[in-house]
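Trainee: Following this message is one structure expressed as structure tokens.
Numbering (the numbering used here), first residue to last: 417 to 849.
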């Protein structure tokens, strides 16, 4: 039943009108009674008159209150009935709206999954075709005893592949696994009733991939943190590391506290040694501890740099790099590793550039299919660009011939010996004038 505001307003006006009529009747009756009665002539009559008036007033007041209370109860009952009907109707409408929104979400999710599945099939087909073509080219090149031309660093041979190629190969393998996993998840969503399937839901199947493992580990980590914190609060333990069974936060705090404890113990021991020596300063390097190891590392670098300056003076002012210093330090080791990686990367890129030129030469449109639109366009462009160069060569050759002179003596004999096939022609023609 729909809540009708006009009905409630009408009932309220009806109650007000009934109250007004009751008050009007009360006032009219009182006026008539007062007009019909005569003025009291004695004190006894006056007291009787006043008592009758009070009784009459209480009678009408009680009647007015009863009528108004009954009307108010009636209105309240109607309002409560309509409100209850409205609440039921609103609940039904809310349930219908929620059901409609859920259906819309499921349908949208199913449509997106279908589009993702189509995209996955297309990408998978392209990747498989490219991989098949690549394997075919490698097989043909091995049969012919030639090196395989390639453009991407990851396509290089394992003996020639460097850091860049290994990094690209690992990244491509990871992305391929992710694409395969997402394609399988999209297929399951499209085949279902639009239910949301998270990557971690594939963990129990053979369709799980990197995202599934990543989400599973993240959820496991958060659950461990939550469980350990709940137990810590219930047990009243203040610090996470003091728990009998530590969680991730407890382990992290324990490792941090252990490192700080080593620093504090080494510093206390250093101060104790300083007091025993009569206030003589004791350096951190003289006692075991993390600060001593750090000071030793920095000291090696400083000594190596000082020695490098001396080596430069002995080398007639030529620059001596840290890796070439006579005293080895951490800075020299870092530079040495960086130089080795850079040389390996440079070698890899040089080989890839050489292979890339062969790769482009083998796949030029005018070489693969000269009758295709791209082949005709490339042939025309190449001929147009080579025309001026060829014309310049012809002009240069003509100028060279015009500036030439007749050979005499030994030069003529040398030319005749180098051109035996034209010797008879020269003898028949005789000397030129």
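Ideal placement from N, C-alpha and C gives every residue a C-beta, glycine not left out.
Because the structure is a prediction, the values reported are computed rather than measured.
Can you check which of these residues, 622, 650, 558, is closest to residue 593 by C-alpha distance?
Mentor: Selected option, being the one with the closest Cα: 622.
Trainee: Would you report the Cα separation of residue 834 and residue 826, rounded to the nearest angstrom?
Mentor: The alpha-carbon atoms of residue 834 and residue 826 are separated by roughly 12 Å.
Trainee: Starting from the C-beta of residue 590, find all residues in its chain whose C-beta is less than 8 Å away, skip the five residues before and the five after it, and write them out in chain order.
Mentor: Excluding sequence neighbours, residue 590 sits near 626.
Trainee: Out of 764, 784, 702, 789, state which residue places its alpha-carbon closest to the alpha-carbon of residue 570.
Mentor: Minimum Cα distance to residue 570 is reached at 764.
Trainee: Helix, strand or coil for residue 642 per DSSP?
Mentor: Correct three-state label for residue 642: helix.
Trainee: If you follow the alpha helix (DSSP H) that residue 782 is part of, which residue opens it and which one closes it?
Mentor: Here the alpha helix (DSSP H) through residue 782 covers 781 to 784.
Trainee: Alpha helix (DSSP H) containing residue 688: first to last residue?
Mentor: Looking at the DSSP string, the run of the alpha helix (DSSP H) that includes residue 688 is 664 to 692.
Trainee: For residue 778, which residues in the same chain have their Cβ closer than 7 Å to its Cβ, ignoring the five residues on either side in sequence?
Mentor: Answer for residue 778: 565, listed in chain order.
Trainee: Assuming residue 818 is part of the alpha helix (DSSP H), what are its boundary residues?
Mentor: Unbroken alpha helix (DSSP H) run through residue 818: 789 to 818.
Trainee: Measure how close the beta-carbons of residue 701 and residue 747 come, nearest whole angstrom, since I'm counting them as under 8 Å.
Mentor: 18 Å between Cβ atoms; not a contact.
Trainee: Put residue 759 into one of helix, strand or coil per three-state DSSP.
Mentor: Three-state DSSP puts residue 759 in a helix.
Trainee: If we ignore side chains and look at the alpha-carbon of each, how far apart do residue 524 and residue 602 end up?
Mentor: Rounded to whole angstroms, residue 524 to residue 602 spans 13 Å at the Cα level.
Trainee: So, with DSSP's three-state summary, where would you put residue 735?
Mentor: In this structure, residue 735 counts as coil in the three-state DSSP scheme.
Trainee: According to DSSP, is residue 858 part of a helix, a strand, or is it coil?
Mentor: Any question about residue 858 goes unanswered here, given that the chain covers just 417 to 849.
Trainee: Distance check for residue 719 and residue 730, CA to CA, integer angstroms please.
Mentor: Distance between the alpha carbons of residue 730 and residue 719 is about 17 Å.
Trainee: Nearest-angstrom Cα distance between residue 646 and residue 516?
Mentor: If I take the Cα positions, the gap works out to 38 Å.
Trainee: I need the DSSP call for residue 705, collapsed to helix, strand or coil.
Mentor: Coil at residue 705, not helix or strand.
Trainee: Out of curiosity, what's the CA-to-CA distance linking residue 794 and residue 573?
Mentor: Going from the Cα of residue 794 to the Cα of residue 573 covers about 32 Å.
Trainee: Using DSSP with H/G/I as helix, E/B as strand and the rest coil, what is residue 612?
Mentor: Residue 612 falls in the coil class under three-state DSSP.
Trainee: Where does residue 558 fall in DSSP's three states?
Mentor: Reduced to three states, the DSSP call for residue 558 is helix.
Trainee: Please confirm whether residue 739 and residue 725 have their CB atoms less than 8 Å apart.
Mentor: Taking 8 Å as the Cβ cut-off, residue 739 and residue 725 do not qualify as a contacting pair.
Trainee: Taking C-beta to C-beta, are residue 705 and residue 678 nearer than 8 Å?
Mentor: Yes, they are a contact pair.
Trainee: Alpha carbon to alpha carbon, what distance is there between residue 676 and residue 637?
Mentor: Near 25 Å, if we compare the C-alpha coordinates of residue 676 and residue 637.
Trainee: In this structure, how does DSSP classify residue 654 when only helix, strand and coil are distinguished?
Mentor: DSSP places residue 654 in coil when its eight states are reduced to three.
Trainee: Could you check whether residue 606 and residue 530 sit closer than 8 Å to each other, using their CB atoms as the reference points?
Mentor: For residue 530 and residue 606, yes; Cβs fall inside 8 Å.
Trainee: Kindly indicate which three-state DSSP category residue 659 falls into: helix, strand or coil?
Mentor: Reduced to three states, the DSSP call for residue 659 is coil.
Trainee: Taking the C-alpha atoms as reference points, what is the distance between residue 513 and residue 604?
Mentor: Residue 513 and residue 604: Cα-Cα distance of roughly 27 Å.
Trainee: From residue 615 to residue 532, what distance separates their C-alpha atoms?
Mentor: So the alpha carbons of these two residues sit roughly 15 Å apart.
Trainee: Going by beta-carbon coordinates alone, are residue 576 and residue 767 separated by less than 8 Å?
Mentor: In this structure, residue 767 lies closer than 8 Å to residue 576 by Cβ.
Trainee: Alpha carbon to alpha carbon, what distance is there between residue 749 and residue 723?
Mentor: Cα to Cα, residue 723 sits roughly 15 Å from residue 749.
Trainee: Could you check which residue in 585, 820, 598, 560 has the C-alpha nearest to that of residue 528?
Mentor: Here the closest residue by C-alpha is 598.
Trainee: Just to confirm, is the Cβ distance from residue 659 to residue 644 under 8 Å?
Mentor: Taking 8 Å as the Cβ cut-off, residue 659 and residue 644 qualify as a contacting pair.
Trainee: Label residue 762 either buried or exposed according to how many other C-beta atoms from any shown protein chain fall within 10 Å of its C-beta, with 16 as the threshold for buried.
Mentor: That one is exposed.
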